[in-house]
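Q:
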Amino acid sequence: MKIAVYSNLKEASNRVSASLINKISKSNSLEIDGQNPEIVISVGGDGTLLSAFHHYQDISDSIRMIGIHTGHLGFYTDWRDYEVQELIDSLEDDNGQSVTYPLLDIKVNYADGTPGDTALALNESTLRQINGSLVADVFIKGQLFESFRGDGLCISTPSGSTAYNKSVGGAIINPALNAIQMAEISSINNRVFRTLGSPLIISPDEWIKIVPNTNARTILSCDHQVVSTKTISSVEYRISSRRIAFAQYRHRQFWHRVTNSFIGEVDSGD
Ligand code: NAP
């Protein structure tokens, strides 16, 4: 099986990567292939896995991801740095087991008529105003839903719901659900601008279109990257037909990860 190791440049990650590469090179059934891997192992944190996903995005339909965390356990990282041998054993026993999560399609059109761009997000996309507040109409499935005024809007996947979305008051969604969520970033509510004021979740047959005010100067992001700072005429968000796949050698309950990451030890009260 062909494996790529994608690491952040921190010392702890470099140590883990070196150990992984050494063990893979000694294995009879595993080999290193950074160009056409079947498995991509990211070493670092959730942010590193995000970068690894984008690095291999063009071939993401034919790869499975694995995350090793060199700090705490994360949402995309099932393995700890001291479990390298256990992971190698699992790779050697691999029988193609996987779990997949939804991704977000982003399609942007520009006001100057230049060709639009598309992007694929694993966590989220945000549309924010460079300075002042963003004024935009929000459509759901082609129907005007609200006129927004505020810092911006965050559209996230279920697996991204624990990232930026959570910081702006969005709900946490189990990635087993095929849905996307829109959360407001500091909306202004008065007699002229009235927004829902709470996050909303749309189903697979729906889409969200945001039409900024004609002279809005915006930043459109996709995960950790800026997609565009050009003047946008509209941006559309849909649940992608593509999904991210993870090699699933052991099962970690999603809500257990949430407790572990955000709450810590919970006393059952017994
Ligand atoms: P970063 O600013 O260096 O780190 C952002 C933090 O978000 C890291 O602690 C990272 O975990 C964590 N994270 C990433 N994906 C997550 C997920 N799905 N669930 C829970 N936590 C997650 O940026 P980065 O490492 O390149 O990651 C980019 C992401 O940062 C964006 O997609 C956005 O979601 C998030 N972000 C959040 C805020 C905010 O909450 N106010 C602001 C900007 C960006 P690790 O430490 O394990 O890498």
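For the sequence shown, this note's numbering assigns the number -10 to the initial residue and increments by one for each residue that follows.
Glycine included, every Cβ here is placed at the ideal spot set by N, Cα and C.
As the structure is a prediction and not an experimental result, all values here were calculated from the model.
(1) Enumerated in chain order, which unbroken segments of the beta strand (DSSP E) with a length of 3 residues or greater are wholly contained in the segment 34 to 60?
(2) Going by the CB atoms, is the gap between Ile77 and Val5 shorter than 8 Å?
(3) What are the start and end residues of the alpha helix (DSSP H) that includes Ala(-7)?
(4) Mind checking Glu254: buried by the 16 CB within 10 Å criterion, or exposed?
(5) Please state the DSSP three-state secondary structure of Thr248.
(6) Tell me which same chain residues have a C-beta within less than 6 Å of the C-beta of Val127, skipping the five on either side of it?
(7) Locate the beta strand (DSSP E) running through Asn98, then write down its first and last residues.
(8) With H, G and I counted as helix, E and B as strand and the rest as coil, what does DSSP make of Ala160?
(9) Cβ of Glu0 within 7 Å of any heavy atom in ligand 1?
(10) Can you grab the Cα-Cα spacing for the pair Ala168 / Ser156, in whole Å?
(11) Any chance the CB of Asp101 is under 7 Å from a heavy atom of ligand 1?
(12) With a threshold of 16 other CB atoms inside 10 Å of the CB of Pro193, please say whether the residue is buried or exposed.
A: Looking at the atomic coordinates:
(1) With a minimum length of 3 residues, the continuous beta strand (DSSP E) runs that stay inside the segment 34 to 60 are 53 to 58.
(2) Not closer than 8 Å, so no.
(3) First-last for Ala(-7): Lys(-9) to Ser(-4), but that is the beta strand (DSSP E), not the alpha helix (DSSP H).
(4) In summary, Glu254 is exposed, with fewer than 16 beta-carbon neighbours lying within 10 Å of its beta-carbon over all protein chains present.
(5) helix
(6) Phe134, Glu135, Phe137 and Ile199
(7) According to the DSSP assignment, Asn98 belongs to the beta strand (DSSP E) that extends over Ser87 to Tyr99.
(8) coil
(9) no
(10) When rounded, the distance between both Cα atoms is 19 Å.
(11) no
(12) exposed
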